[in-house]
Structures are given as C-alpha cells and as structure tokens.
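**Student:** Sharing a structure with you now.
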Amino acid sequence: MLDTQYENANALDKAAIDQLFLNARTHTAWTERKISEDTLRELYDLTRMGPTSMNNSPARFLFLTSADSKARLKPHLSVGNVDKTMAAPVTVIVAWDREFYERMPELFPHSEAARDIMKAGAEVNGFRNGTLQAAYLILGARALGLDTGPMSGFSIEGVDREFFANDPERSNWTTNFLVNLGYGSGENQKPRLPRLSFDEAAAIL
C-alpha cells in the first residue's frame, strides 16, 4: 500500500491516487444514471493525450449507448458477460485500426519515414499502442468519476463482423476488448484479489 506521504511535491494528493488506483474497482453492477455525450467526448479528449509510439494513435473507440446497439452486441458476448453489459449505460468497443499507419504523415509530420516504419510493424505496433490507449481510457474514466468494467469474453470475429466489416469508414478496425462504463452500484462486489509484491514482479538493476 502506498504511503500517504509522497517524495515528489508534484504528486497527486491521496484522494486522487485512491480514485485512480487504490479504491477503484472493476464493476459489474450499475445504477441507472446515464452518461452524457459531452462526458464521453471529454473522456476521449483525455485518452488521446496519452503517449503512443511516434504518436501513432491506433486505438479506435465505438461507444454503444442505445438499446439497439447493445442488442447487436449481445449475441457475441459470453454468457457471463451478458447481464452486466446490457445493464451498463455505455459499452465501449475498444478496437484498433489495422491501417493506422496511413495517418502517420499527419500525426508524425517531422519524419517522412514514419509511415513505412509503422507499416512494417503494423500488427505489433497497432495492438500494443491500442492496448496502451485503452488503459488511458480506463484511467481517464476514473478521473472523471466514472466506474469501469473492462472485459474479454466475447467473439472478436462476431463483433468485427457486426460493427465494422460492412462499414466503409470502419472496415479496417478490429476489436481488442470491451469496457463497460457507468456509475457502479457496488452490488456483487467481492474483496479485492491479491496482487504480486514488488519483489515478486519487479527488480531494480
């Protein structure tokens, strides 16, 4: 557990650390409180500011807010994920663009080689940096007072076929994982599971 006294004077205060990490939990039950479009846009604006390799920004986010869009997702969920996802105000399909490198001249304009570099390692760079951006999404949501429920347990092929394959603007997107967003009710919350200690998972050389 972190000490309440931090070595760096610019560190966030304990309340902020608690909100982002120590008290934050994965939620599976939700209140009926809605999330506005303005909040979702603010969330994306926070997420996009996190660093990625050469600013490649491969992540793409499809925010499902309507009953119709949730109904389209439902057949592709594993049984254990259906109820909590249908109850969540928003479910985010976190995807990445397999041709993200085409935006490199715009995103990294001071290198003419950026597009070719990223194209050569598109699978690794796209998946890695898209996952990194998804982590920013989760922390950004917590910073805005939202609760999150990231999850696997669904058919990537099914979600891609349902939401991306026949959409000309998104046909290059492929799903990574899902994140439910809302205001958690705290129901069905189990004790926090153990984490590995520093000495078990880290080292200083």
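Using our numbering, the letters of the sequence shown correspond one by one to residues 6 to 210.
In this text, a Cβ means the ideal position worked out from N, Cα and C, and glycines have one as well.
Note that the structure is a prediction, hence the values are computed from the model and not measured.
1) Kindly indicate the opening and closing residues of the alpha helix (DSSP H) around Arg22.
2) Going by DSSP, what residue range makes up the beta strand (DSSP E) through Gly154?
3) Please report the distance separating the alpha-carbon of Ala125 from that of Ala72.
4) In this structure, does DSSP put Met6 in helix, strand or coil?
5) Can you tell me which of the three DSSP states Gly189 falls into?
6) Taking 8 Å as the cut-off, is the beta-carbon of Glu128 closer than that to any non-hydrogen atom of the ligand ATP?
7) Which of helix, strand or coil does DSSP assign to Arg65?
8) Applying the criterion that 16 or more other CB atoms from any shown protein chain within 10 Å of the CB defines a buried residue, is Met109 buried or exposed?
9) Would you call the stretch 154-166 in contact with the stretch 126-134, where contact means no fewer than 3 C-beta pairs closer than 8 Å?
**Tutor:** If we stick to the structure as given:
1) Position 17 of the sequence shown, counted from the start, is the residue given in the question as residue 22. Correcting the residue type first, residue 22 is Ile in the shown sequence and not Arg. Unbroken alpha helix (DSSP H) run through Ile22: Lys19 to Ile22.
2) On the sequence shown, position 149 is the one that residue 154 refers to. For Gly154, the enclosing beta strand (DSSP E) stretches over residues Asp152 to Met156.
3) In the sequence shown, residue 125 corresponds to position 120, counting from 1. In the sequence shown, residue 72 corresponds to position 67, counting from 1. Approximately 40 Å, taken between the alpha carbons.
4) The sequence position of residue 6 within the sequence shown is 1, counting from 1. Its pLDDT being 49, under 50, Met6 is placed unreliably in this model, and the value from its coordinates should be taken loosely. Annotated three-state conformation of Met6 is coil, per DSSP.
5) Along the sequence shown, one-based indexing puts residue 189 at 184. Of the three classes helix, strand and coil, the one that applies to Gly189 here is strand, per DSSP.
6) Ligands displayed in this structure: none; no statement on the ligand ATP is therefore possible.
7) As a working note, residue 65 is residue 60 in the sequence shown. The answer is strand: DSSP assigns Arg65 an E or B state.
8) Mapped onto the sequence shown, residue 109 falls at position 104. By the neighbour-count criterion, in which a residue is buried when 16 or more other Cβ atoms sit within 10 angstroms of its Cβ, Met109 is buried.
9) Two segments are said to touch when three or more pairs of C-beta atoms, one from each, lie closer than 8 Å; by this definition the stretch 154-166 does not touch the stretch 126-134.
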